[in-house]
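Chains as they are written, first to last, in full-length UniProt numbering: chain A, 1 to 295; chain B, 1 to 295; chain C, 1 to 295; chain D, 1 to 295; chain E, 1 to 295.
Even glycine gets a Cβ: it sits at the ideal position worked out from N, Cα and C.
Right, one structure below, let's go through it.
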Amino acid sequence: MIIHTPHTLRSIARSIKTPLVLLFIWDVIVTITYYVVPFPAPGLPLTLFGSVLALILGFRSTSAYQRWWEGRGLWGLMINASRNLARASRNFMTGEQGQAVARAIVLRQIAYVNALRHQLRRIPMTGESLPYIPAAEAEATLGRTNTANGLLDATGAQVAQAHADGIIDSIQQTQIERVLVDIANAQGGMERLKNTPLPSQFRLFPTYFTHLFCVLLPFGLVEALGPATPLGSTVAGMMFMAVLAIGDDLVDPFANTRHDLPLDTMCRTIEIDLLQGLGESAPAPITVDAEGVLW
Amino acid sequence: MIIHTPHTLRSIARSIKTPLVLLFIWDVIVTITYYVVPFPAPGLPLTLFGSVLALILGFRSTSAYQRWWEGRGLWGLMINASRNLARASRNFMTGEQGQAVARAIVLRQIAYVNALRHQLRRIPMTGESLPYIPAAEAEATLGRTNTANGLLDATGAQVAQAHADGIIDSIQQTQIERVLVDIANAQGGMERLKNTPLPSQFRLFPTYFTHLFCVLLPFGLVEALGPATPLGSTVAGMMFMAVLAIGDDLVDPFANTRHDLPLDTMCRTIEIDLLQGLGESAPAPITVDAEGVLW
Amino acid sequence: MIIHTPHTLRSIARSIKTPLVLLFIWDVIVTITYYVVPFPAPGLPLTLFGSVLALILGFRSTSAYQRWWEGRGLWGLMINASRNLARASRNFMTGEQGQAVARAIVLRQIAYVNALRHQLRRIPMTGESLPYIPAAEAEATLGRTNTANGLLDATGAQVAQAHADGIIDSIQQTQIERVLVDIANAQGGMERLKNTPLPSQFRLFPTYFTHLFCVLLPFGLVEALGPATPLGSTVAGMMFMAVLAIGDDLVDPFANTRHDLPLDTMCRTIEIDLLQGLGESAPAPITVDAEGVLW
Amino acid sequence: MIIHTPHTLRSIARSIKTPLVLLFIWDVIVTITYYVVPFPAPGLPLTLFGSVLALILGFRSTSAYQRWWEGRGLWGLMINASRNLARASRNFMTGEQGQAVARAIVLRQIAYVNALRHQLRRIPMTGESLPYIPAAEAEATLGRTNTANGLLDATGAQVAQAHADGIIDSIQQTQIERVLVDIANAQGGMERLKNTPLPSQFRLFPTYFTHLFCVLLPFGLVEALGPATPLGSTVAGMMFMAVLAIGDDLVDPFANTRHDLPLDTMCRTIEIDLLQGLGESAPAPITVDAEGVLW
Amino acid sequence: MIIHTPHTLRSIARSIKTPLVLLFIWDVIVTITYYVVPFPAPGLPLTLFGSVLALILGFRSTSAYQRWWEGRGLWGLMINASRNLARASRNFMTGEQGQAVARAIVLRQIAYVNALRHQLRRIPMTGESLPYIPAAEAEATLGRTNTANGLLDATGAQVAQAHADGIIDSIQQTQIERVLVDIANAQGGMERLKNTPLPSQFRLFPTYFTHLFCVLLPFGLVEALGPATPLGSTVAGMMFMAVLAIGDDLVDPFANTRHDLPLDTMCRTIEIDLLQGLGESAPAPITVDAEGVLW
């Protein structure tokens, strides 16, 4: 996620430089042609095209933003549920043996969110990606198609064992199970966003129509703007392309790009909260990098 | 669900080729007529028509997309609830007898989501559609008007039996019952989407008005565009028809077409998660077919 | 709810025939007047009016659709909750006595949804409207201002008696109570929709403004369209009136009209599910009538 | 809440009569000035102003409507929760002593919703506003800053006493507590709507801009409309002012005006449901008054 | 949060005075230039720019308002949950010892919401910011990265201790735990809003495009408006800038500015409710300050 705006400006410029230059060259060619071989250049269809295009682009930006914000909301729920799991485990599982079980559950939760982060960003996991759990358990769960889910199953099994050992009663077990349901629902929601791109029509039509519109723009403007056409046409095209780019940047919130949600930072937040809750020392929070991006 | 875009482009072209050709022929006829028998061709009503049409099409695309996304969200809830049912069953039902009951519940859940998939896509079911449950039970539930619901009833009865047998206590029974409520709610939501099409007005008016608009377009443009009318008019018409098509494709997310939600894939995901959770071997995930479609 | 589209088209035509004819006559009068007594007829205010009108109509269609869809969603919740009540009753209330109580609760739930349907559609109820409960109980609850609520109270009392009789424990009682809360919430939501029409401004302004706009349309178009004014003006007016009609049709989803939600059908769905769950024979589902309407 | 439309029409006319007359006079002045001292009067900025204004007014109407509908939804939840509280109390608290406690809780709930109604509408409360509870208790809770909250605390304390007296067990107590949470959440939501007006920008800008637009309208229209300017300009201005008025009417749903939500009626509905549930006689429902308003 | 409108007007004027003056000077320069060195000044691109800009600004205002309103909703949930925590603690924890524990939990909750307020507004906390808890505990929790979370952990631990001491049973403990989950979820939601600004594109593009549009405005209007250009152009520019400013003001609802949500007031509301619930005297509610702002 981009935080500092100065870098953002440069980053925007860099990302749309090439199409902007191409667009300007095209606008110049059309304008020169118009003066060499005059052709009729009416404005009406441009308004029509523009209004349909605005409709489509508006819909797409909104959808993309909603996906991005829903992704953020789901990670927020994961942070909350992780805190709730930790608090309930520590408070329900009393006695020395209980506290040891609670600690194992809390540490596995840190491994769990990191595993989930790897899965969503499609980063391959090794045993080192799961530092807070025993190496043997890490190896075993890496064999599951869905490693994060395997870790959640392990937590559920450990809670069941605590129940069997008399550390917690059925009531406390089901309350913890309810938190596990929250965690599973948040994970499922994230996987839904990751595995279900916007319908292909919403991915392709806006792009095609925006490009087509930019190509047609100078024809529609040249009669009115004359020599100022390349300028006016490029500025107008740039605005449409900027709105198009917003959609592209936000549509996949777990894409492992600079426009991404800051999953590293949120996993660290969970790590700090959970470790401090155990009374143990925690690493420092993650801050923005040199380019103003929070990963 | 269409995943790979190259195929998508061709698929779009194929699906709107016929109307596009018809539209172009009509535009040529109007243009030629205009040069043979000139008629006044004012622009204003076109703008008026266009703005009402954009309003209706925008509303319809949004509604269709929301239906599609709600359908996806409900299947996401089904995936989560299936995992929750499996985890709770395995962790609450301890001992050898308990584990056998849990295994039966988990396997029936795989049959359940497949039965639901058949029902939503209106594919007839046979005993072979329900491979993970005993043949006798499959036959019995196929007699129910709503087979999936019958399977859910069977799971509820088995949980009740486990309670009667002392495997789980009332607290654990009600926690599992709560997961069954989640499953029933997700199923009910899917059936709501399937059985309640968009109101007929939203299905018919956009289509009629878009066609009417395309017919009127060349009359409104011919004065301004002259010989370029067929080109301009067909391009503008195509944009409106494309927006119309988006709505048609997404409005029924369980239609068993290539624009459909990938129910096969999601049922397989559940199958894998649940089997691996039992420690048993699972089939491979489903991937996109040769045409870039995920079923 | 209208399902089959051929009938829909005729039904639409029938419902807007009168205003369309009136509109056309008016458009002809204005056009003739224009040629007899020419008057200036500028276009700008029309665009202004049109855009405000589109704003209002768009808002109203959206609100009406949301009310319709919320009504459907609430009935969906009622279907789910009825299934959940039936499943929980049958599974929690074991033994011969328990099964008899469960059966009574399930049958009363069928009576309950039918009572609710009558109340929402403002159809007077008699004892025969409540076939699945003892005649004496039917008479008693018909004396309540809110009969459906009285039936729900009776179910709650029967559950309490089952608890007093030792058939279920407190945990199971509260889980059933939670399902009753779901049912009460769904009912309350439906009554909210029924008793709270759209604010009067949203009912009146769109109608007044659309009519005013249709009256002004020919004045604004006659200069540009000339003799084609009646045609163009009537078509444009028809589009606005069609959008207006959508709002009128959907705004009260329990109005007992052909645009209504199919409450009969959904009550029958519940009846079938619940009877088959008891292992008893059930009537056939309701299908569309000869006019393509599902009641 | 205004129910009957004839009265509504007159009420609308009455509420916008003064600004309409002022607007018309202004439009006449501008038009006469134009014919005495001609000035250039271009149309373009009007379209620009109009589109920004439409954007702002559209947003504001939507927000105001959402606040109004959310307020109605929260009162709906209150009706449901009151029914749930009454049903649970009557069914959980058995025996003669239990029924007496349940009756006291149900009657206090009627007092509670009336206290809440007074607080939201900023109507001072006296002991007579709280008829169903003992005078001493009424006096005591009137001393609380938030009287309704005090009554809810009293219900919670009575439930706790019933638990201490062995009338209900912990499970039933927590189920009732959950209903109290629902009630507290509904109340909190209503107070949120009451205490948090729309941001001042959304209250002021639409008003200023609409007035400014109405002042500028005749300048922009006079060239095109000529002597018809006062008519056209007043009609257009009226439409914008009507949309503005919608927002004003709905933005505070507990304002104790005729556009208000019918809190009296809903409190009476609760009173009837709860008294009839106790088997006691209840007052008649509230109906619309002579002016077609439901309070 | 600004409550009194007179001050608001002045405050608005003050906040946009500088850009307005600059804009007016620029408009005058362009107009004079036009009369000295005439240049063609077409209107079409302005309409195009204006419609894209309206799209972007509309989206941004909506998003900003939704963030602001979500922030308010989350604080509303916090008020509700605080009341629920207090009521449940007082009613579940009976006996002298239990009441003492309940009182400590209630007082810590007051400290908790104040700690959260400090964290969200980025105001450094000292021991004096947490007046209702023992100094030692205050010191300890100030060492946590997330102090509010530390206080919530302490409440959870105290509830666990009450369970261990036999004051409450498991059922009551889990019900209180559920309220803690509500509190943790509300806090998590607020931190999500605070830590996740709108995507940089939505922060920068609207600002750039609005400024660019204001710069281009006089060129597009000068041909039509002539000497009145500076007036018309400044008024139109002001409207766009006002819409832009709305987004800036609302986008961060915990920014500790005058447009902020009234966190001080809401924390005081909680303080009053909770102290009066304990039967102790409470401070007066916070009212608007001399400038009409509620902090």
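Chain order gives the chain D residues near C:N149 as R83 and D273, where near means a beta carbon separation below 7 Å.
In the DSSP assignment, D:I110 falls within the unbroken alpha helix (DSSP H) covering G95 to L120. As the crow flies, the alpha-carbon of D:L231 is around 8 Å from that of D:F24. Fewer than three pairs of CB atoms, one per stretch, sit closer than 8 Å, so the region 161 to 180 of chain C makes no contact with the region 53 to 61 of chain C. For C:D169, same chain residues with a beta-carbon under 8 Å away, outside a window of 5 residues either side, are H163 in chain order. In the three-state reduction of the DSSP assignment, A:H211 falls in the helix class. E:S51 is positioned such that its CB atom lies closer than 9 Å to that of A:A54. For the region 181 to 193 of chain C, the beta-carbon criterion of a distance under 7 Å to any beta-carbon of chain D is satisfied by V181, A184, N185, G188, G189 and R192. Taking 9 Å as the cut-off, the Cβ atoms of D:G71 and D:F202 do not count as close.
Within chain E, P199 have C-beta atoms less than 9 Å from the C-beta of A:W68, given in sequence order. Under the 8 Å Cβ criterion, the region 126 to 136 of chain E counts as touching the region 105 to 117 of chain E, having at least three qualifying pairs. Distance between E:A104 and D:Y65, taken at the CA atoms: about 42 Å.
Per DSSP, the unbroken alpha helix (DSSP H) holding B:M266 starts and ends at L263 to G277. The continuous alpha helix (DSSP H) containing C:E139 extends over residues A135 to L142.
Judged by DSSP in its simplified three-state form, B:E223 adopts helix. Residues of the region 154 to 171 of chain A with a C-beta atom less than 7 Å from some C-beta of chain B are G156, A157, V159, A160, A164, S170 and I171, listed in chain order.
Assignment of B:Y34 by DSSP, reduced to helix, strand and coil, places it in the helix class. Secondary structure at A:T234: helix, using DSSP grouped into helix, strand and coil. Contact holds between the region 237 to 244 of chain B and the region 209 to 225 of chain B, because three or more Cβ pairs, one in each stretch, are under 8 Å apart.
Around the C-beta of C:A284, fewer than 16 other C-beta atoms lie within 10 Å, and the residue is accordingly described as exposed. Of all residues in the region 89 to 122 of chain B, only R90, N91, F92 and T94 place a beta-carbon less than 8 Å from a beta-carbon of chain A. Here DSSP, grouped into helix, strand and coil, assigns E:E177 to helix. Distance between E:N80 and E:R122, taken at the CA atoms: about 24 Å. Taking a C-beta distance under 9 Å as the contact criterion, C:T229 and C:V30 qualify as a contact pair. CA-to-CA, the gap between B:L217 and B:L46 works out to about 7 Å. Using a Cβ-Cβ cut-off of 7 Å, A:T269 is close to nothing in chain B; its nearest Cβ partner there is about 23 Å away. At a cut-off of 9 Å between beta carbons, C:V52 contacts chain D. The C-beta of C:V293 has 16 or more other C-beta atoms within 10 Å across all chains shown, which makes the residue buried. Taking B:I16 as the centre and dropping the five residues before and after it, the same chain places the C-beta of M238, M241, A242 and A245 closer than 8 Å to its C-beta, in chain order. Contact annotation for B:E177 against chain C: A88 and Q175 [CB-CB distance below 7 Å, chain order]. Remark: C-beta atoms of B:Q187 and B:A148 approach each other more closely than 9 Å.
When the Cα atoms are used, C:Q99 and C:M93 turn out to be separated by approximately 6 Å.
Counting along the chain, C:G127 sits inside no alpha helix (DSSP H), nor does DSSP assign it H or E at all. Within chain A, the residues placing a beta-carbon under 8 Å from that of E:S63 are Y65, ordered along the chain.
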